[in-house]
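Residue numbers (the numbering used here): 56 to 185. Beta carbons: idealized from backbone N, C-alpha and C, even for Gly. This report refers to the structure that appears directly beneath it.
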Amino acid sequence: MKRAQYHLHSGQAVVTVLFVVVIGMLVTTGAIMTLLNAYQSMTNHELGREAFAAAEVGIENGMLRLLRDTSYTGETISMDGGKTAVITVLQSPDIVMVSTGTVHNVSRKIQVDAHITNMSIVVDSWREIP
């Protein structure tokens, strides 16, 4: 009789251990997924900041080029670390300059509205656009 009760309790212990292991695996998997999501979000945020900086470099370079050559229409600039800035300049009569900075697969875009007065560029607005 005691032997039968022992087998009954050992079966319950196995089920309890399996239940605890499954719950532990679910909690661990959830924590790992949360950490991976946070890492991806931080990476995209940092790449976005670098892309924005590349777009600003493009705008500043474009303004210098436009001061030297009023027929400047834009260019593509390659930078260290795989960064690029694509600059487009439209003049009709005011200047609309758009620079798209890209790092890996993340892009940010800046638009500057300006006009030229007395051999200098006067910036009317400088904003990020979607």
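Same chain only: Cβ atoms within 7 Å of Val177, ignoring 5 sequence neighbours per side: For the purposes of this step, residue 177 is identified with residue 122 of the sequence shown, where counting begins at 1. Here the set comprises Ala169, His170.
How far does the beta strand (DSSP E) with Gly17 in it reach, from first residue to last? Any question about residue 17 goes unanswered here, given that the chain covers just 56 to 185.
Could you name the residues of the same chain whose beta carbon sits closer than 7 Å to that of His103, not counting the 5 residues immediately before and after it, in chain order? Residue numbering aside, residue 103 sits at position 48 when the sequence shown is read from its first letter. The amino acid occupying residue 103 in the given sequence is Gly; His does not appear at that position. The beta carbon of Gly103 lies closer than 7 Å to those of Val161, Arg163 in the same chain, with the five residues before and after it left out.
DSSP state of Ser180 mapped onto helix, strand, coil: Indexing the sequence shown from 1 puts residue 180 at position 125. Of the three classes helix, strand and coil, the one that applies to Ser180 here is strand, per DSSP.
Residue ranges of each beta strand (DSSP E) run of no fewer than 3 residues wholly in the region 93-143, ordered along the chain? For secondary structure counted as the beta strand (DSSP E) over 3 or more consecutive residues, the region 93-143 holds these complete runs in sequence order: 129-133.
Cβ neighbours of Ala106 in the same chain (closer than 8 Å, five flanking residues each side left out): For the purposes of this step, residue 106 is taken as residue 51 along the sequence shown, with counting starting at 1. Once the five neighbours on either side are set aside, the close Cβ partners of Ala106 are Lys138, Gly156, Thr157, Val158, Val161, Ser162, Arg163.
Should Ile87 and Asn116 be called a contact, given that it needs their Cβ atoms to be closer than 8 Å? Residue 87 sits at position 32 when you count from the first residue of the sequence shown. Residue 116 sits at position 61 when you count from the first residue of the sequence shown. Ile87 is not a Cβ neighbour of Asn116, given a cutoff of 8 Å.
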